[in-house]
Amino acid sequence: MTPNLVYIVVIGVLFAAGVSMVLERSLTRVLMGMILLGNGVNLLILLGGKAGTPPIVGLGPDEEMADPLPQIMILTAIVITLGMTAFLLALAYRSWAMSGHDEVQDDVEDRRIMQLAERDQGSGIDDVDHGVNR
144 MTPNLVYIVV IGVLFAAGVS MVLERSLTRV LMGMILLGNG VNLLILLGGK AGTPPIVGLG
204 PDEEMADPLP QIMILTAIVI TLGMTAFLLA LAYRSWAMSG HDEVQDDVED RRIMQLAERD
264 QGSGIDDVDH GVNR
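Put into structure tokens, the structure is as follows:
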């Protein structure tokens, strides 16, 4: 299949929207971002294949047959996306059931590392305390 400008723009929009949603804190938005990324990957793989007759021997000349490999890869990508969607949906539901919202909170260790980085900010001092100055 020859790449069409519309396909390329749609793939770009799906990837851009998917990546921006994956970077959010809400697990529901992360889930929607993963779905958009999966659909973008499927369209990208589809553009890699050759259009033609069905890849069944005897239905047409061998030169006009479509390449079955991108079709198989798309089916595999659909199954992987479905599995990740189910996992993220279960994770979001569990988070909502336990805390009443689905936002991912900062980890205490992450906060401590951020505070150390802000305090040192380019001073070149190693953050590891070896127990020398206690």
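For the sequence shown, counting from 1, position 92 maps to 235 in the working numbering; every step adds exactly one.
Glycine included, each C-beta is placed from N, C-alpha and C at the ideal position.
Keeping to the same chain, check which residues put their C-beta closer than 6 Å to that of R277; ignore five residues upstream and five downstream.
Per-residue confidence for R277 stands at a pLDDT of 49, beneath the threshold of 50, marking its modelled position as unreliable; no derived number is given.
Taking the C-alpha atoms as reference points, what is the distance between F230 and D253?
The alpha-carbon atoms of F230 and D253 are separated by roughly 24 Å.
Flag R172 as yes when its Cβ comes closer than 8 Å to any non-hydrogen atom of the ligand HEM, and as no otherwise.
Ligands displayed in this structure: none; no statement on the ligand HEM is therefore possible.
Among the candidates I199, V173, V162, whose CA atom is the shortest distance from the CA of V184?
Nearest C-alpha to V184: V162.
Quick one: Cα of Y258 to Cα of L174, how far?
With the sequence shown as reference, residue 258 is identified as Gln, and Tyr is not the correct amino acid for it. Looking at the two C-alpha atoms, the distance is approximately 30 Å.
Thinking C-alpha only, which one of D250, V152, K193, L170 is nearest A240?
The shortest C-alpha separation from A240 is found at L170.
Using DSSP bridges, identify the partner residues of S238.
According to DSSP, S238 bridges with nothing at all.
Output needed for R172: all residues of its chain with C-beta closer than 7 Å, excluding positions within five of it in sequence on either side, in chain order.
Closer than 7 Å at the Cβ level, and outside the excluded window around R172, lie M164.
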